[in-house]
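Engineer:
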Amino acid sequence: MKVTVVGAGAVGATCADNIARKELCTELVLLDIKEGVAEGKAIDMMQTATLLGFDTKIVGCTNDYTKTAGTDVAVITSGIPRKPGMTREELIGINAGIVKTVTQNILQHSPNAIIIVISNPMDTMTYLALKSSGLPKNRIIGMGGILDSSRFKYYLSTAMGCTATDLQAVVVGGHGDTTMIPLARLATYQGTPVANYLDAEAVKKVVADTMVGGATLTGLLGTSAWYAPGAAGAALVESIVRDEKKLYPCCVYLDGEYGQKDICIGVPVVIGRNGWEKIIDYKLNDEEQALFNKSADAVRNMNSVLDTLSV
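Under our numbering, the residues of the sequence shown are numbered 382 to 692, in order.
Here it is in structure tokens:
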């Protein structure tokens with residue numbers, strides 16, 4: 382089994398580190414466009430192998446896609462974060478070119494690879510990767526909902542004073558501060574509704590905190606988060622390579638599901654060796670469906686910028 386992570390920045394390197402520690406593949410390729418960065422981080426990680434007890438071989442390379450040949454799963458983290466004063470069109474314009482080029486280069490050497498997209502804006506980049514590659518829809522997956530759901534469970538656990546691993550809570554919709562939808566109605570604590578433990582105001586605050594979870598960390602750190610995004614990407618890789626059939630909220634292509642078509646957006650899907658294998662219908666109520674439709678409209682509006690670009 383071979384996995385490639387494109388982009389050796391904080392998120393990509395953290396994702397690669399998690400993959401190596403869990404021994405999800407025999408060979409892990411870390412690729413970056415900046416000379417020496419991927420090589421240096423790969424060596425640094427390899428020097429932890431005897432300390433952490435893993436046997437995964439990690440190879441770093443500078444923009445050499447021949448090293449990625451035979452990849453089973455490729456994780457795309459490359460791109461730039463949005464900077465102060467930068468318009469969404471500028472961000473999409475830069476990252477769209479990067480994501481499209483990376484996808485083409487990966488598939489040139491590994492035509493059977495499953496592609497995981499972490500680059501932002503994630504819903505739009507997932508849609509671009511699908512449309513530009515011509516791959517079957519099940520082989521292109523955007524990671525965002527896994528991360529957002531993990532943040533949802535963190536805020537719930539803090540409010541309830543319990544461990545997050547005892548909670549089930551899911552975020553659907555777009556991967557953005559105003560487009561994600563934490564499904565508080567369906568959140569449970571060991572099978573019982575969290576509404577049994579938190580009043581309406583407390584739940585409302587948890588939802589609000591979840592929606593600005595990424596922005597909160599950016600404000601504290603001065604840059605985007607990387608530990609949780611990297612771990613979320615690795616968790617998705619794990620469900621694929623180990624054929625775990627885990628149910629994760631991921632950004633995938635809809636063709637009528639949840640009332641939407643021709644869009645990539647977060648919904649619950651079963652993840653296995655073939656990529657995403659089945660969309661699960663959570664039977665949203667009228668209020669939740671209205672929020673989902675609004676989120677889809679916002680994602681489509683973002684996608685429309687692609688039509689103005691020469692990528």
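Ideal placement from N, C-alpha and C gives every residue a C-beta, glycine not left out.
Source: prediction; values computed, not measured.
Checking 8 Å against the spacing of the C-beta atoms, do C406 and V650 come in under that value?
Structural biologist: Position 25 of the sequence shown, counted from the first residue, corresponds to residue 406. Position 269 of the sequence shown, counted from the first residue, corresponds to residue 650. No, the pair does not count as a contact, with Cβ atoms beyond the cut-off.
Engineer: So N486 packs on M506, CB below 8 Å; how close in whole Å?
Structural biologist: Taking the sequence shown and counting its residues from 1, one reaches residue 486 at position 105. Taking the sequence shown and counting its residues from 1, one reaches residue 506 at position 125. With a Cβ gap of about 15 Å, N486 and M506 do not count as contacting.
Engineer: Would you kindly work out how many angstroms separate the C-alpha atoms of M382 and Q428, rounded to a whole number?
Structural biologist: Residue numbering aside, residue 382 sits at position 1 when the sequence shown is read from its first letter. Residue numbering aside, residue 428 sits at position 47 when the sequence shown is read from its first letter. Rounded to the nearest angstrom, the two C-alpha atoms are 21 Å apart.
Engineer: Going by alpha carbons, who is nearest to M561 out of A583, I527, A545, L579?
Structural biologist: By one-based count along the sequence shown, residue 561 stands at place 180. Here the closest residue by C-alpha is I527.
Engineer: Terminal residues of the continuous beta strand (DSSP E) containing A455?
Structural biologist: Numbered from its first residue, the sequence shown carries residue 455 at position 74. Looking at the DSSP string, the run of the beta strand (DSSP E) that includes A455 is 454–457.
Engineer: What's the call for L356, buried or exposed, on a 16-neighbour Cβ count within 10 Å?
Structural biologist: Shown here, the chain extends from 382 to 692; a query on residue 356 therefore has no answer.
Engineer: Who pairs with Q549 in a beta bridge, going by DSSP?
Structural biologist: Looking up residue 549 in the sequence shown gives position 168. Its beta-bridge partners are T569.
Engineer: What are the residues that DSSP puts in a beta bridge with D413?
Structural biologist: As a working note, residue 413 is residue 32 in the sequence shown. Beta-bridge pairing links D413 to T443.
Engineer: Skipping 5 residues on each side, what residues in its chain have a beta carbon closer than 6 Å to that of Y508?
Structural biologist: Reading the sequence shown from its first residue, position 127 is the one you call residue 508. Hits under 6 Å: C645, N684.
Engineer: Measuring straight from C-alpha to C-alpha, what distance separates D688 and N682?
Structural biologist: Locating residue 688 in the sequence shown gives position 307, counting from the first residue. Locating residue 682 in the sequence shown gives position 301, counting from the first residue. Computed Cα separation, rounded: 11 Å.
Engineer: May I ask you to list the residues that DSSP assigns as paired with D695?
Structural biologist: No statement about residue 695 is possible, as the shown extent of the chain runs from 382 to 692 and does not include it.
Engineer: Express the C-alpha separation of T431 and G525 in angstroms, rounding to a whole number.
Structural biologist: By 1-based counting over the sequence shown, the position of residue 525 is 144. By 1-based counting over the sequence shown, the position of residue 431 is 50. Whole-angstrom Cα-Cα distance: 32 Å.
Engineer: Taking the runs of the beta strand (DSSP E) that are 3 residues or longer, which of them lie wholly in the segment 504–556?
Structural biologist: Qualifying beta strand (DSSP E) stretches, in chain order: 521–523, 552–554.
Engineer: Determine, using beta carbons only, whether S459 and V483 come nearer to each other than 8 Å.
Structural biologist: As a position in the sequence shown, residue 459 is number 78, starting the count at 1. As a position in the sequence shown, residue 483 is number 102, starting the count at 1. Yes; because the gap between Cβ atoms is below 8 Å, this pair is in contact.
Engineer: Beta strand (DSSP E) containing E658: first to last residue?
Structural biologist: The residue you call residue 658 lines up with position 277 of the sequence shown. Segment 656–660, the beta strand (DSSP E) holding E658.
Engineer: Could you give the C-beta distance for L409 and A397, rounded to a whole number, given that I count them as a contact under 8 Å?
Structural biologist: Taking the sequence shown and counting its residues from 1, the one referred to as residue 409 is at position 28. Taking the sequence shown and counting its residues from 1, the one referred to as residue 397 is at position 16. About 6 Å separates the two Cβ atoms, so the contact holds.
Engineer: Can you say whether V602 is buried or exposed, counting buried as having 16 or more other CB atoms within 10 angstroms of its CB?
Structural biologist: Here residue 602 corresponds to residue number 221 of the sequence shown, with the count starting at 1. Here residue 602 is Leu; the residue named in the question, Val, does not match the sequence. Exposed: under 16 other Cβ atoms inside 10 Å.
Engineer: So the beta strand (DSSP E) I495 belongs to, where does it begin and stop?
Structural biologist: On the sequence shown, residue 495 is found 114 positions in, with the first residue counted as 1. Per DSSP, I495 belongs to the beta strand (DSSP E) from 495–498.
Engineer: Between T559 and V593, what straight-line distance do the alpha-carbon atoms span, to the nearest angstrom?
Structural biologist: Taking the first residue of the sequence shown as position 1, residue 559 is located at position 178. Taking the first residue of the sequence shown as position 1, residue 593 is located at position 212. When rounded, the distance between both Cα atoms is 8 Å.
Engineer: Would the beta-carbon of G557 fall within 8 Å of that of G647?
Structural biologist: Counting from one through the sequence shown, the residue named residue 557 turns up at place 176. Counting from one through the sequence shown, the residue named residue 647 turns up at place 266. For G557 and G647, no; Cβs fall outside 8 Å.
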